[in-house]
Amino acid sequence: MTNASIETAQTAETVDADVVAIPVFEQDQPGDLAGADAASGGEISRAFSSREFTGKPYEIFLTKLVSGGWRARRLALVGAGARDTADLDRMRRVAAAFGIAARKRRLGRVAFVVRGAQSVASGAQAATEGLTLAEFYGGRYKTGEPDGQPAISLTIVAPGAAAAEVEQSIRRGRVLAECCNLSRALCNEPSNMLTPRVFAERAAAIGKEVGLGVEILDETRIAELGMGLLLGVARGSAEPPRLIVLRHEPKGPPASPVLGLVGKGITFDTGGISIKPADGMDRMKDDMAGGAAVICAMRAMAILNAPIRVIGIVPATENMPGGRATKPGDVLVGASGKTVEVTNTDAEGRLILGDGLWYAQQLGATHLVDVATLTGACVVALGKYASGLFGKPDAWVQHVGRIATASGDRAWPMPLHDDYAEQLKSEIADLVNSGGRPAGAITAAMFLKEFSGGLPWAHLDIAGTAWADDAKPWQAKGATGVAVRTLAELAFSTLP
Ligand code: BES
Ligand code: MN
Ligand code: ZN
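Just so you know, we're using the working numbering here: the sequence shown kicks off at 42 and counts up by one.
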């Protein structure tokens, strides 16, 4: 996937690279930058006083290194914003912005100096994540030249840190961000290339490579298990559904907890008979972003030896309006026995997740997290910069929220009052699948709660966060890899 080597160095001067980057805060003075000003022949001082460079986030100032014994060819100052608001999330983005800028300039051997982090080790991890995320290239179906040059080598300069500790952090950051990039690649795949069967094959290959337990259930097995909700969504498609099951079984772990992760794996969402408008429908190829996050997070857990048992479940299908498709008003019977009147076939994610959550319990999960591009309403509520966070009890939801924040996947809590259940009442079945427009993200979560079987359960609605509509200095347009780091880190946390 990524070929660039990665290493550490103690000082910026001694690094041999095409460019060495120093993050610079708005409060910094040229003299704060460890001899860089002299090495640039005073160019840094000139850029500061002319305000060519001010330290605003993601500003880049490139200059030649002319003297003072620095080995790198060039120096980049990268704006890191106000020092008092700079956290690891900012540092990750600053490193990513630099990585993207270096690639555009065809500078392949890049170094980045860790500065301003509370601990050098965590700063080194964030920097590694940023530089690795910057390596992502989404143009695999372009037959011409890729845009920019892929990185050849990355060096993390971590002054005054214990080498062993920094090596650990760098390895961790590298694995986590590579798994994000793998998730982004899966999400960017068009639906003709990534059908449910291909998605399952890719998941199996990823799982086997890192030693996860892998089981792919085909439509016959899915029917034997009685998963009428998943089958009901799959009916309209010529492509058969799959249920992807991955297991992380570390040697000699305690019997509990068992983390159960369930990801929405709709490889294309037309809406079904309740068909979506044409505008923007192409984006619905990423409706498997939750499933990709589960698969890729489990890859990270396996490589990094997460200490607890984890089960990952991804129900995978297309949502198509074929001649045999489920129609509005149809009633489906899920594997848990609950019946659902399908009032809107476009509310398909919650259906397949209902069966997925049930299966996670069958396999012995004690704590549940589901991740899904579930509702347009969540995009309206929270926009593109925070995922919706739902669930019960509060202790579990807050735990997931804290891990998300620490991982740089922002998630914001949303309510689940019993009153909202009114909107899911059916005249003829246990539930309807669509609660209408008011509180659309909440009623979707309320539907899932019905399938959580009394276990601690958290739900991340990533409809707004899974996809970047525009390129940012720190992020390419397209799939973002959201929730991969959160899910992976959960497996290293003490579950409440
Ligand atoms: N996959 C969509 C949600 C979505 C919307 C994801 C925009 C990403 C961007 C989901 O299956 C869906 O269609 N939800 C409906 C639910 C409604 C019919 C109750 C929606 O949000 O409109
Ligand atoms: Mn839909
Ligand atoms: Zn969908």
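Beta carbons are placed, not taken as given, at the ideal position from N, Cα and C, and that holds for glycine.
Hey, could you find the ends of the beta strand (DSSP E) residue i is sitting in?
i       : result
Ile-263 : Segment 260-265 is the alpha helix (DSSP H) holding Ile-263; no beta strand (DSSP E) there.
Lys-145 : Segment 129-145 is the alpha helix (DSSP H) holding Lys-145; no beta strand (DSSP E) there.
Trp-498 : 498-502
Ile-285 : 283-289
Leu-103 : 101-105
Thr-308 : 306-310
Cβ of residue i versus every heavy atom of the ligand ZN: is any distance shorter than 7 Å?
i       : result
Ala-280 : In the sequence as displayed, the identity of residue 280 is Glu instead of Ala. Not so, every heavy atom of the ligand ZN lies at least 7 Å from the Cβ.
Ile-307 : yes
Asp-320 : no
Quick check: is any heavy atom of the ligand MN less than 7 Å from the C-beta of residue i?
i       : result
Glu-389 : yes
Asp-310 : yes
Gly-474 : The displayed chain sequence assigns Asn, not Gly, to residue 474. It does not: the Cβ of Asn-474 is nowhere closer than 7 Å to a heavy atom of the ligand MN.
Asn-360 : yes
Could you tell me which residues DSSP pairs with residue i in its beta bridges?
i       : result
Val-198 : Ala-50, Val-154
Pro-64  : Val-119
Ala-509 : Gly-519
Ala-452 : Ser-428
Val-300 : For the sequence presented, residue 300 should be read as Leu rather than Val. Bridge partners of Leu-300: Val-351, His-408.
Thr-23  : Absent from the model: residue 23. The displayed extent of the chain is 42 to 537, so no value can be given.
Gly-442 : Paired residues: none, contrary to the question.
Val-421 : Answer is none; Val-421 lacks a bridge partner.
Leu-472 : Val-381
Asn-360 : Asp-310
Glu-256 : Val-286
Ala-413 : Asp-502
Lys-368 : Paired residue(s): none; Lys-368 is not in a bridge.
Lys-433 : Trp-498
For residue i, collect the residues of the same chain with a Cβ closer than 8 Å to its Cβ; drop the 5 residues on either side in sequence, then sort them by chain order.
i       : result
Thr-236 : Glu-280, Thr-308, Glu-359
Arg-262 : Leu-284
Arg-114 : Ala-58, Asp-59, Val-60, Lys-105, Leu-106
Ser-534 : His-440, Ile-444
Ala-512 : Lys-518
Report whether the distance from the Cβ of residue i to the nearest heavy atom of the ligand BES is below 7 Å.
i       : result
Thr-414 : yes
Asp-396 : no
Met-325 : yes
Gly-481 : yes
Ala-418 : yes
Asp-328 : yes
Asn-233 : no
Ala-401 : no
Asn-222 : no
Asn-385 : yes
Ala-19  : Not covered by the structure: residue 19. The range shown for the chain is 42 to 537.
Ala-427 : no
Ala-504 : yes
So, for residue i: in the same chain, excluding its five sequence neighbours on each side, which residues have a beta-carbon less than 6 Å away from its beta-carbon?
i       : result
Glu-389 : Val-274, Asn-360
Asp-310 : Met-325, Asp-328, Asn-360
Gly-157 : Ala-127
Gly-432 : Val-438, Trp-498, Ala-499, His-500
Ala-136 : Phe-153, Ala-168, Gly-171, Leu-172
Asn-385 : Ser-315, Ser-475
Less than 7 Å between C-beta atoms, sequence neighbours within five positions excluded: which residues of the same chain meet that for residue i?
i       : result
Ser-467 : Glu-382, Val-473
Leu-270 : Leu-373, Gly-375, Val-381, Leu-392, Ile-393, Gly-395, Asp-396
Ile-257 : Ala-241, Ala-245, Arg-283, Ile-285
Gly-110 : Glu-54
Ser-297 : Thr-407
Val-355 : Ala-244, Ile-285, Gly-304, Gly-306, Gly-332, Val-335, Ile-336
Ala-347 : His-289, Pro-291, Ala-532, Phe-533
Arg-212 : none
Since residue i is in the alpha helix (DSSP H), which residue starts that stretch and which ends it?
i       : result
Phe-240 : 237-250
Asn-229 : 204-229
Ser-91  : 84-91
Ala-275 : 269-275
Gln-464 : Careful: Gln-464 lies outside any alpha helix (DSSP H) and carries neither H nor E.
Tyr-400 : 390-403
Lys-326 : No alpha helix (DSSP H) contains Lys-326, which DSSP labels as neither H nor E.
Asp-78  : 77-80
Ser-108 : Ser-108 -> no alpha helix (DSSP H), and no H or E assigned at all.
Ser-163 : 161-174
Leu-531 : 525-531
Leu-489 : 481-490
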